Amino acid sequence: MTNSWTDIKNTDLVIIMGGNAAEAHPCGFKWVTEAKANRGAKLIVVDPRFTRSASVADFYAPIRQGTDIAFLLGVINYCIQNDKVQWDYVKAFTNASYIVKDGFAYKDGLFTGYDEEKRDYDKSTWEYVIGPDGYATVDDTLANPRCVWNLLKEHVSVYTPEMVERICGTPKDKFLKVAEMISECSSPTKVMTSMYALGWTQHSKGSQNIRSMAMLQLILGNIGMRGGGMNALRGHSNIQGLTDIGLMSNLLPGYLTLPTDKEADLETYMSTRGFKPLRPNQMSYWQNYRKFFVSFQKAMWGTAATPQNSFAYDWLPKLDLPGYDMLRAFELMNQGKMTGYFCQGFNPLLAAPNRKKLTDSLSKLKFLVTMDPLDTETSRFWENHGEYNDVDPSQIQTEVIQLPSTCFAEDEGSLTNSSRWLQWHWPGGTPPGEAKNDNWIMAQIHMRLKELYRKEGGKFPDPIVNLDWAYADPNEPTAEELAKELNGKALATVYDTADPTKVLAEAGQQLPAFAALRDDGSTTCGCWIFSGCFNENGNNMARRDTSDPDETGAYSKWAFSWPANRRILYNRASADVNGKPWDPSRKLIEWDGAKWAGYDVPDIAPTAKPGEVGPFIMNPEGVSRLFTRGMMRDGPFPAHYEPFESPLGNLVAPNIRGNPAARVFKGDLEQFAETASEEFPYAATSYRLTEHFHYWTKHVHVNAVLQPEFFVEISEELAAEKGITGGGWVHVWSKRGSIEAKALVTKRIKPLICDGKPVHVIGIPLHWGFTGAARKGFGPNSLTPFVGDANIETPEYKAFLVNIEPIAGPVA
Amino acid sequence: MFPPVPNPSTGPQNPKFGENDLMRRSASSVTPPAERQTEVAKLIDVSKCIGCKACQSACIEWNDTHPEIEENTGVFENPHDLTPDMFTLMRFTEWENPETNNLEWLIRKDGCMHCEDPGCLKACPAPGAIVQYSNGIVDFVHENCIGCGYCIKGCPFNIPRISQVDHTAYKCTLCSDRIAVGQGPACAKACPTQAIVYGTKEEMKKHAEGRITDLKSRGFANAGLYDPPGVGGTHVMYVLHHADKPEIYAGLPNDPRISPIVEAWKGVTKYAGLAVMGVAAVTGFLHYMVNGPNRVTEEDEEAAERLTGDRSS
Chain A
28 MTNSWTDIKN TDLVIIMGGN AAEAHPCGFK WVTEAKANRG AKLIVVDPRF
78 TRSASVADFY APIRQGTDIA FLLGVINYCI QNDKVQWDYV KAFTNASYIV
128 KDGFAYKDGL FTGYDEEKRD YDKSTWEYVI GPDGYATVDD TLANPRCVWN
178 LLKEHVSVYT PEMVERICGT PKDKFLKVAE MISECSSPTK VMTSMYALGW
228 TQHSKGSQNI RSMAMLQLIL GNIGMRGGGM NALRGHSNIQ GLTDIGLMSN
278 LLPGYLTLPT DKEADLETYM STRGFKPLRP NQMSYWQNYR KFFVSFQKAM
328 WGTAATPQNS FAYDWLPKLD LPGYDMLRAF ELMNQGKMTG YFCQGFNPLL
378 AAPNRKKLTD SLSKLKFLVT MDPLDTETSR FWENHGEYND VDPSQIQTEV
428 IQLPSTCFAE DEGSLTNSSR WLQWHWPGGT PPGEAKNDNW IMAQIHMRLK
478 ELYRKEGGKF PDPIVNLDWA YADPNEPTAE ELAKELNGKA LATVYDTADP
528 TKVLAEAGQQ LPAFAALRDD GSTTCGCWIF SGCFNENGNN MARRDTSDPD
578 ETGAYSKWAF SWPANRRILY NRASADVNGK PWDPSRKLIE WDGAKWAGYD
628 VPDIAPTAKP GEVGPFIMNP EGVSRLFTRG MMRDGPFPAH YEPFESPLGN
678 LVAPNIRGNP AARVFKGDLE QFAETASEEF PYAATSYRLT EHFHYWTKHV
728 HVNAVLQPEF FVEISEELAA EKGITGGGWV HVWSKRGSIE AKALVTKRIK
778 PLICDGKPVH VIGIPLHWGF TGAARKGFGP NSLTPFVGDA NIETPEYKAF
828 LVNIEPIAGP VA
Chain B
17 MFPPVPNPST GPQNPKFGEN DLMRRSASSV TPPAERQTEV AKLIDVSKCI
67 GCKACQSACI EWNDTHPEIE ENTGVFENPH DLTPDMFTLM RFTEWENPET
117 NNLEWLIRKD GCMHCEDPGC LKACPAPGAI VQYSNGIVDF VHENCIGCGY
167 CIKGCPFNIP RISQVDHTAY KCTLCSDRIA VGQGPACAKA CPTQAIVYGT
217 KEEMKKHAEG RITDLKSRGF ANAGLYDPPG VGGTHVMYVL HHADKPEIYA
267 GLPNDPRISP IVEAWKGVTK YAGLAVMGVA AVTGFLHYMV NGPNRVTEED
317 EEAAERLTGD RSS
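Protein chains in written order, with the numbering used here: chain A, 28 to 839; chain B, 17 to 329.
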């Protein structure tokens, strides 16, 4: 989230699209209820199904899954055509005025530089014109036809309300009503918040779905505002923490990136991470990258990381590919190239796409280790559970080691929620049986590996034997010790760079915040964005002070919000060019003539003068981007692409199938149903239900009572057409697999008319498996295609094709 | 937001009401307390409810019940009905509003309404099995319950359920055990959107007014409070967007009243019945006085042996 859960109470308009907050985030949804009840805020829901969120919405509009970009670019087009633009904001705080290189163009669904063979772009033209002064060229009048604004205007012009209706199946009057309600928030005193989740991410163009809304929010001037922002509702109590800490194959903590094969030494690595400002006076905060990186290396390897060995740069793995994401891992297993798999708090047999491929892949492993508080399906992938897991154990040689771990309520530590709040928690119960906490398990594995490397040498022992492991009990580092390491400490006295007589931290002290980080090896910090969470003031994550001066919703003394306890990102943009709040009733910070001050920690240097330094300090431009240059694989503007399996061809680019830059493995392409397939005529989507949390709560009796058995949802029209009755059994199959389920026939799903043709939607919730208290069932992943988002490889779970028929029901 | 009921201290507390506060007791007469306790109420704002069933799970956990894991029968109600182990149930109705042509998904938390004039209590023949406290809570006392099921017949909302295990009737207690020590009902505590709030009946009515104003501003011209006068008002009330048609909310009665049979039974019939019983007793006594005690004849013995068959041999 750019903002926080508590800030949603400040909004005038909530749009829930690409998510179902009332269903999947019922506790956070309370802030929507507050905004509605106390401010008279309105709620719009755009979804293929009439959801629980829709049940309390002021306006609901249906949309075909996988067409969000067409819808949102349609809204942007509407705002431009009807002059519903927060012009002062757009001109000052976005790159609307930046001139784009001459070669860049978009035609027939493709941007300049496409290589069909590689399914990738040469992105060299996706860039600004750089002037002789080394800065990007701008035209503040927006008259230049090559400026971002004019390119955008042209790019979105095809998404007329009529085109939106044809692609999305959203009736034109409903689309126009939504567009009108949204466009009103272009006023500086009206603010919209966007709440989204996996309904946007789980597509082959998930990142661009989110970008489309981010662009709309910039055009309306809603980023950095109280009650505004782009608010990703994280699906797990600590999934924000997972990304922050860099648990992705290509990331290091704090959104630093792992080196690639081509970056053989530290200076080469740093050469593309200098982030020189693209406009005069800009902070371009990533210029401090080296400080974050060196401090991380010091946290990893302590005294063994020295200036002489480039702070142990050689000990970091170097990527030969863009990333080893979950899909690639299973592809490699399936090819027999990955033979061991550690599965910590993860149940891929139900969470990854194309279940049959997963079972085949896991069956080829030499060993599988699972660390989980629950008896997961993945741990039992080899066990026959009739039709629910139809395998022959005698044919599977994989050795499975199950390590029972504690659950969050049985151990101490912090969880980072959607609001970026690191909240400390204490054990509420004792773990059952032999369950051990993850720290202990990881430490045991490390200690044994280290011992083996010491004794036997091996190919490359250095990163393991030199790993800094200075914990009071090396066999079980405590949560506090690890948290302190993430915050960072001074190894030598750290002085203020502006005033060298001022000491920021004495040697051995915890660092106050990331501003104290140095690139000479005198500081250590496990995750720079978390710095400040556990400083000399103590454990700030454990703070439980609910005071909130003037009820702004900031709650600045509750827990710790990264970065720097800032509650609303880009809050400098809540004030105009001169530093006065756009809306005095929504003041966050203000320029008082000498410095920035207010309710929140300023997201800018406190003395950076307004008019000189732009509010988007992480960008070298100092402004936000409507055009993302070469930073995304699939284009600097979003464009409508159909899902890889779609009931409809691409109406704006008929020759393009799926997202042209999405990675597709060879064997998987043949497993996609063809466009407008007669064999698989129905558009399926998958989702959560409020009664359950993923595949966990089916192990709990109470949750199993509240939603006992797997089902699929279909419209009354489709039920009538196929002779399906509510509560009866159905067989649903895709090109990759099949499931059996109870049918729930509902008015909440209606056939959509897309380009004149009815599209039936089938909804498939995801909470059942073959272990636990609830009735045995299937998950949607038995059906879903093995393809992910072009940028981050999140699987396309939200849009795929199936067929359905009534059946007599499984033989008992 | 309505200020939530604060967490109570964890030390031992004296109950705030008890036997002395009984206003009614089934099949027995009590002397009502001289002064009524402040009436309490739970307000369920259907327009804020997201159907998450947190109330159901809190109810199961607080009351430590163990409902069965049922099948899916093509609906969202789980369990499928109120049961002796499930005192509250979210009922889901898909309603197409004929005025707007829009679909509305009406979700109502069903359960005991804690009527001011409780039909269950009036129908109950077991002394002390159902009681009503002066704060308005209607509670079942299981050791006095004989499992006859009359309370179900007496209830205009079809709420109580008889357990097949201990053959006594169960329903929502309004968490009388929590309220007695200053806590709100478990369901209200668990509700994430404050669709369920708890306080004095006056506070609840006032809070409802604000909600109704908000709903009217959103185009729900008939928004209103459900506090049916036919049962003297209730201590569980609803805010409905369409208060003019409560029946669209999974059959919420439009004008609930205690069944005339129960009223008659507890009214005229009761006295008539007592009179009949009295007459019968008097007749029996006179018969004895005139004819003397009954004797067992030989024919009687033979008839009895025929009836018991082989068992006697």
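Every residue, glycine too, gets a C-beta built ideally from N, C-alpha and C. All values derive from a computational prediction rather than experimental measurement.
Return the first residue and the last residue of the alpha helix (DSSP H) that residue i is part of.
i                 : result
PRO276 of chain B : 276-280
GLU820 of chain A : Taken as a continuous stretch (DSSP letters only), GLU820 of chain A belongs to no alpha helix (DSSP H), as it is neither H nor E.
TRP227 of chain A : 225-228
ASP230 of chain B : 217-233
ILE791 of chain A : Per DSSP, ILE791 of chain A belongs to no alpha helix (DSSP H); it is in the beta strand (DSSP E), 788-792.
CYS195 of chain A : 188-195
ILE644 of chain A : Premise fails: ILE644 of chain A is in no alpha helix (DSSP H) and is neither H nor E.
TYR480 of chain A : 465-483
ILE175 of chain B : From DSSP, ILE175 of chain B is part of no alpha helix (DSSP H); its letter is neither H nor E.
ASN177 of chain A : 175-183
ALA70 of chain B  : 70-79
Near residue i, which residues of its chain fall below 6 Å by C-beta distance, leaving aside the five closest residues on each side in sequence?
i                 : result
ILE766 of chain A : VAL759, PHE805 and SER809
ILE178 of chain B : GLY163, GLY165 and ALA185
GLY101 of chain A : TYR186 and VAL191
GLY200 of chain B : VAL21 and TYR214
THR121 of chain A : LEU245, VAL650, SER651 and LEU653
SER25 of chain B  : none
How would you list, in chain order, the residues of chain A whose beta-carbon sits under 8 Å from the beta-carbon of residue i?
i                 : result
ILE175 of chain B : Near ILE175 of chain B there are no residues of chain A at all, since even the closest Cβ is about 19 Å away, more than 8 Å.
THR89 of chain B  : GLY753, GLY754 and LYS769
Leaving aside the five residues before and after residue i along the sequence, list all residues of the same chain whose C-beta is less than 8 Å from its C-beta, in chain order.
i                 : result
SER328 of chain B : With a pLDDT of only 42 at SER328 of chain B, under the threshold of 50, the placement of this residue in the model should not be trusted, and no figure is reported.
ASP326 of chain B : Confidence is the limiting factor: at ASP326 of chain B the pLDDT is only 49, short of 50, which leaves the residue's position unreliable and the question unanswerable from this model.
PRO141 of chain B : SER42, ALA43, ILE162, CYS164 and TYR166
ARG66 of chain A  : LYS36, ASN37, THR38 and ASP39
LEU479 of chain A : GLY485
If I measure Cβ to Cβ from residue i and keep anything under 7 Å in the same chain, skipping five residues before and after, which residues do I get?
i                 : result
VAL59 of chain A  : ILE35, VAL41, ALA48 and LEU70
GLU832 of chain A : LYS749, VAL757 and HIS758
HIS230 of chain A : GLY93, ASN236, PRO670, ASP816, GLU823, LYS825 and ALA826
MET474 of chain A : PRO501 and ASN502
Please determine, among the options, the residue with the shortest C-alpha to C-alpha distance to residue i.
i                 : options                                   : result
ASP39 of chain A  : A:ASN416, A:SER704 and A:GLU61            : A:GLU61
GLN29 of chain B  : B:GLY198, B:VAL56 and B:THR99             : B:GLY198
GLN450 of chain A : A:LYS393, A:THR550, A:LEU395 and A:TRP585 : A:TRP585
GLY372 of chain A : A:GLN229, A:CYS106, A:GLY440 and A:GLN429 : A:GLN429
ILE168 of chain B : B:HIS257, B:PRO83 and B:LEU137            : B:LEU137
LYS769 of chain A : A:VAL786, A:LEU779, A:ALA747 and A:PHE737 : A:PHE737
ALA57 of chain B  : B:ARG40, B:CYS191 and B:ASP271            : B:CYS191
Measuring only from the beta carbon, is residue i closer than 6 Å to any heavy atom that is part of the ligand COA?
i                 : result
LEU538 of chain A : As for the ligand COA, it is missing from this structure, which has no ligand bound.
Run through chain A and tell me which residues come within less than 7 Å of residue i, C-beta to C-beta.
i                 : result
GLU110 of chain B : THR773, LYS774 and ARG775
GLN86 of chain B  : Inspection of the sequence shows that residue 86 of chain B is occupied by Glu rather than by Gln. Ordered by position in chain A, the residues that pass the 7 Å Cβ test against GLU86 of chain B are PRO735.
Give the interface partners of residue i over in chain D, defined as CB-CB distance under 7 Å, in chain order.
i                : result
PRO83 of chain B : Within the model displayed, chain D is absent; protein chains A and B are what it includes.
With residue i as the anchor, note down where its beta strand (DSSP E) starts and where it stops.
i                 : result
HIS452 of chain A : 448-452
At 9 Å on the CB atoms, spell out the chain A contacts of residue i, in chain order.
i                : result
PRO95 of chain B : VAL732, LEU733 and PRO735
So with CB distances below 9 Å, who are the chain B contacts of residue i?
i                 : result
ALA581 of chain A : Within 9 Å Cβ-Cβ: nothing; ALA581 of chain A doesn't reach chain B, min ~17 Å.
Interface residues of chain B around residue i at Cβ under 8 Å?
i                 : result
THR717 of chain A : ILE66, GLY67, CYS68 and LYS69
Chain B partners of residue i, CB-CB under 7 Å?
i                : result
GLU61 of chain A : MET17
Original post:
What beta strand (DSSP E) runs, 3 residues minimum, are completely inside the stretch 518-569 of chain A?
Top reply: Those beta strand (DSSP E) runs which fall completely within the stretch 518-569 of chain A and span 3+ residues are 530-532.
Subject >> Uninterrupted alpha helix (DSSP H) stretches inside the stretch 197-254 of chain A (no shorter than 4 residues) >> reply: 199-210, 225-228 and 233-246
**OP:** Tell me the start and end of each unbroken alpha helix (DSSP H) in the stretch 55-114 of chain A that is at least 4 residues and wholly inside, in chain order.
**Re:** 57-66, 79-82 and 95-108
**OP:** Report the residue ranges of all beta strand (DSSP E) runs contained in full by the stretch 412-459 of chain A; include only those spanning at least 3 residues, in chain order.
**Re:** You should have 426-431, 440-443 and 448-452.
Original post:
Taking the runs of the alpha helix (DSSP H) that are 4 residues or longer, which of them lie wholly in the stretch 678-758 of chain A?
Top reply: Within the stretch 678-758 of chain A, the complete alpha helix (DSSP H) runs of at least 4 residues are 693-696, 728-733 and 743-749.
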